[in-house]
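In terms of our numbering, the sequence shown is numbered consecutively and its last residue is 122.
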Amino acid sequence: MEIRRAIAHRFQKALRPNKLVLLLGPRRVGKTWFLRHLLPELGMPYLFLNGDYALVRNVFQQKTLSNFKNLVGSNKLLVIDEAQRIPAIGWGLKLMVDEIEGLHVVAIGSSIFDLKSVSESL
1 MEIRRAIAHR FQKALRPNKL VLLLGPRRVG KTWFLRHLLP ELGMPYLFLN GDYALVRNVF
61 QQKTLSNFKN LVGSNKLLVI DEAQRIPAIG WGLKLMVDEI EGLHVVAIGS SIFDLKSVSE
121 SL
């Protein structure tokens, strides 16, 4: 599909180490589907987390570099779906983007995603 290719090209161009890409849009429009199908094509090890899960939210409560380095491990790409569900996600994203060398970070959120918490931190 031509639309998917155009979006995929723009996304890949925006995806850079030590930068955050926010993928926002209304609920149920295919944000997660798009990334799940694109990630294998990127050719880098990735970790896909879902903010709907309490375990993921709990991991983000301890905002230490060692905690985030352990979480990411040897992965070069971190994708956080439903990022708006993680309290104060902006601080954790900032720490990872600033301190974990070579890490690519993508946060997926619905249009209710609190951009203020992310933009103030980053």
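Built from N, CA and C at the ideal position, the CB exists for glycine as well.
Note that the structure is predicted; figures quoted are calculated from it, not measured.
*Does the beta-carbon of Arg85 have 16 or more other beta-carbons within 10 angstroms, so that it is buried, or is it exposed?*
The residue you call residue 85 lines up with position 85 of the sequence shown. Burial is judged here by how many other beta carbons sit within 10 angstroms of a residue's own beta carbon; Arg85 has at least 16 and is buried.
*Hey, would you say Gly92 sits closer than 8 Å to Lys63, going by beta carbons?*
Counted from its first residue, the sequence shown places residue 92 at position 92. Counted from its first residue, the sequence shown places residue 63 at position 63. Cβ distance < 8 Å, so Gly92 and Lys63 count as in contact.
*Can you tell me whether Met96 is buried or exposed, with buried defined as 16 or more other CB within 10 angstroms of its CB?*
Stepping through the sequence shown from its first residue, residue 96 is reached at position 96. Buried: at least 16 other Cβ atoms inside 10 Å.
*What's the gap between the Cα of Gln61 and the Cα of Pro45?*
Here residue 61 refers to the residue found at position 61 when the sequence shown is read from its first residue. Here residue 45 refers to the residue found at position 45 when the sequence shown is read from its first residue. Between Gln61 and Pro45, the C-alpha separation is close to 24 Å.
*Per DSSP, which one or two residues make a beta bridge with Ser110?*
The sequence position of residue 110 within the sequence shown is 110, counting from 1. DSSP lists Gly25 as partners of Ser110.
*Rank Phe48, Gly73, Val59 by C-alpha distance to the C-alpha of Arg87 and give the top, closest one.*
Position 87 of the sequence shown, counting from 1, holds the residue named residue 87. It should be pointed out that residue 87 corresponds to Pro in this sequence rather than to Arg. The residue with the shortest Cα to Cα distance from Pro87 is Val59.
*For Leu49, name the three-state secondary structure that DSSP assigns.*
By one-based count along the sequence shown, residue 49 stands at place 49. DSSP, read as helix, strand or coil, puts Leu49 in strand.
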